[in-house]
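Taking it in order: structure first as structure tokens, then the write-up.
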Amino acid sequence: MSSVEVSFILSVYNAQNYLRECLVSIQRQSYENFEVICIDDGSTDRSQDVLQEFCELDHRFKLYKQDNKGLVYSLNKAIRLSRGRYIARIDADDICFEDRILRQLEQLNKTNAAVCSSFAKTIDGNGRVHKISIKPFSRFFEVKSDEEIGSCLLFDNPIIHPTVMIDREKTGEFIYPNVKHSEDLSLWHDLKSQGLLFTIIKEPLIYYRLHTESVSSVNSSEQKRNAYFLFLEYIENKAILSPAFKGLLLGALGCYFFGRSYKGFFSGLFSVLKFVLFLIFNNKTARRPLFFMAIKSCFSIFKG
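Going by the numbering used here, the sequence shown opens with residue -17, and the numbers climb by one from there.
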């Protein structure tokens, strides 16, 4: 690694409306030993002009242009081009708090973890801050520990992707798996399967923008489907789980993800109820997150 400590990786595609705010927030970080690897993924708006402007004014910003190849390809290209020990993610429509890098470096050093995420404040397309923050949580409650993250990854993604910082000295060289719209979840599975520690800063370190053009809004159905199959694969590979436990969890997952259809209603619901009973009496670590997952499954079905 070089003397650069932190590498932000940023994939940009037609983000001219929000990009400048994002870049300014990185430029104003209280910790200054960083670089920003900007991949312009074939933008057809003025995004490239904005990126070029920052690169000319600040040597820490580096622009690489390409035809449109998608987010996963762009992120992996940025990782290959980066020089820092730490990889920090941010999306082109989000905004970093001034002390984000410093806080995450302190947390990683204090906990000896490989991956650090945080809470986030949400804003809308016009930059208005929402009253409620989002947290690394599993739909119902805050995830507080590495152990709970491991449990939640059996059925959910408790990590807010653009808040993440990864220590390459602990993970070794890595790339995002080519799973469209769920590349982050697939990477968390890979890293957790290696026994690496995750840590969470229980305060917001970014403004996370929610708007109709965001990837998660536009591609929610495909993201949900891909995530479901990733969970299946992850569960199948967890040798510590007994076959009976895996069967119950898979049944609950099916009910959870696709329960809005009446097909398989009774079998799915029965699997969920059996699974809840199993958790109550046998598995303390996963009991709380998976119990709430099961309850949500039932409500999703009844709402239709």
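The beta carbon of each residue, even a glycine, is placed where N, CA and C say it ideally should be.
Practice task
Report the three-state DSSP secondary structure of Arg42 (helix, strand or coil).
Solution key: Position 60 of the sequence shown holds residue 42. Residue state, collapsed to three classes: coil.
Problem - For Ile188, three-class secondary structure by DSSP - result: Translated into the one-based positions of the sequence shown, residue 188 becomes position 206. In the structure shown, Ile188 falls within a strand segment according to DSSP collapsed to helix, strand and coil.
Handout entry: Spatial distance of Asp166 from His143 (CA atoms)
Key = Counting from 1 along the sequence shown, the entry for residue 166 is found at position 184. Counting from 1 along the sequence shown, the entry for residue 143 is found at position 161. Here the alpha carbons of His143 and Asp166 stand approximately 7 Å from one another.
Practice task
Please classify His163: does DSSP put it in a helix, a strand, or coil?
Solution key: As a working mapping, residue 163 is identified with position 181 in the sequence shown. In the structure shown, His163 sits in coil (DSSP, three-state: anything other than H, G, I, E or B).
Handout entry: Continuous alpha helix (DSSP H) stretch holding Asn153: start and end
Key = Position 171 of the sequence shown, counted from the start, is the residue given in the question as residue 153. The sequence given here places Thr at residue 153; Asn does not occur at that position. From DSSP, the alpha helix (DSSP H) with Thr153 extends over 150 to 153.
Exercise for the section: Could you pull out every residue in the same chain whose Cβ sits closer than 7 Å to the Cβ of Lys184, ignoring the five residues on either side in sequence? Expected result: In the sequence shown, counting from the first residue as 1, residue 184 sits at position 202. Same-chain partners within the cutoff: Phe101.
Practice task
Determine the burial state of Ser12: buried for a count of at least 16 other Cβ atoms within 10 Å of its Cβ, exposed for fewer.
Solution key: Numbered from its first residue, the sequence shown carries residue 12 at position 30. That one is exposed.
Exercise for the section: For the beta strand (DSSP E) containing Glu299, list its first residue and its last residue. Expected result: Nothing in the structure corresponds to residue 299, since the chain is present only between -17 and 286.
Practice task
Could you name the residues that DSSP lists as bridge partners for Ile183?
Solution key: What you label residue 183 is simply residue 201 of the sequence shown in a count that begins at 1. Ser100.
Problem - Buried versus exposed, by CB contacts within 10 Å (16 or more), Asp49 - result: Sequence index remark: in the sequence shown, residue 49 carries index 67 (1-based). When all chains shown are included, Asp49 counts as exposed.
Practice task
Sort Asp106, Gln89, Val111 by Cα distance to Ala149 and report the nearest one.
Solution key: One-based indexing of the sequence shown puts residue 149 at position 167. The question names Ala, but residue 149 is Asp in the sequence shown. Shortest Cα-Cα distance from Asp149 to any of Asp106, Gln89, Val111 involves Gln89.
Handout entry: Residues near Lys152 by beta carbon distance below 6 Å, same chain, minus five either side
Key = Translated into the one-based positions of the sequence shown, residue 152 becomes position 170. Excluding residues within five positions, the ones whose Cβ falls inside 6 Å are Ala96.
Problem - Cβ distance (whole Å) where Arg67 is taken to contact Val146 below 8 Å - result: By one-based count along the sequence shown, residue 67 stands at place 85. By one-based count along the sequence shown, residue 146 stands at place 164. Actually they do not touch by this definition, with Cβ atoms about 15 Å apart.
Problem - Proximity to Ser56 [Cα-Cα], best of Asp76, Tyr158, Pro186 - result: As a first step, residue 56 is located in the sequence shown; it is residue number 74 there, counting from the start. Ser56 has its Cα closest to that of Tyr158, out of Asp76, Tyr158, Pro186.
Exercise for the section: Would you kindly report the start and end of the unbroken beta strand (DSSP E) that includes Ser(-7)? Expected result: Here residue -7 is taken as the residue at index 11 of the sequence shown, counted from 1. -12 to -6 is the extent of the beta strand (DSSP E) around Ser(-7).
Practice task
Spatial neighbours of Ser287 within its chain, please: CB distance less than 7 Å, with the 5 preceding and 5 following residues excluded, ordered by chain position.
Solution key: Coverage of the chain is limited to positions -17 through 286, which leaves residue 287 absent and any answer about it impossible.
Exercise for the section: Reducing DSSP to helix, strand and coil, say where Tyr68 ends up. Expected result: In the sequence shown, residue 68 corresponds to position 86, counting from 1. Here Tyr68 sits in strand by DSSP.
Exercise for the section: Helix, strand or coil for Lys245, going by three-state DSSP, please let me know. Expected result: In the sequence shown, residue 245 corresponds to position 263, counting from 1. Because Lys245 carries a pLDDT of 45, less than 50, the predicted location of this residue cannot be relied on, and no value is offered for it.
Problem - Beta bridge counterpart(s) of Lys47 as assigned by DSSP - result: Residue 47 sits at position 65 when you count from the first residue of the sequence shown. Lys47 has Asp22 as its beta-bridge partners, per DSSP.
Problem - DSSP three-state assignment for Lys256, whether helix, strand or coil - result: Mapped onto the sequence shown, residue 256 falls at position 274. Low local confidence applies: a pLDDT of 48 at Lys256 is under 50, so the model's placement there is unreliable, and no value is given.
Problem - Exposure label - Gly154; buried when at least 16 CB within 10 Å - result: Position 172 of the sequence shown, counted from the first residue, corresponds to residue 154. Counting the other Cβ atoms within 10 Å of the Cβ of Gly154 gives fewer than 16, which makes it exposed.
Handout entry: DSSP bridge partner residues for Ile77 (one or two, in chain order)
Key = Sequence index remark: in the sequence shown, residue 77 carries index 95 (1-based). According to DSSP, Ile77 bridges with Tyr189.
Problem - Neighbourhood of Tyr0 by C-beta, 7 Å cutoff - its chain only, sequence neighbours within 5 removed - result: Sequence index remark: in the sequence shown, residue 0 carries index 18 (1-based). Hits under 7 Å: Ala74, Asp75, Arg191.
Problem - Spatial distance of Glu130 from Leu39 (CA atoms) - result: Position 148 of the sequence shown holds residue 130. Position 57 of the sequence shown holds residue 39. For Glu130 and Leu39, the distance between alpha carbons rounds to 43 Å.
Exercise for the section: Verify whether the separation of the beta carbon atoms of Ile69 and Lys44 is less than 8 Å. Expected result: Within the sequence shown, numbered from 1, the residue matching residue 69 stands at position 87. Within the sequence shown, numbered from 1, the residue matching residue 44 stands at position 62. Not in contact: Ile69 and Lys44 (Cβ atoms no closer than 8 Å).
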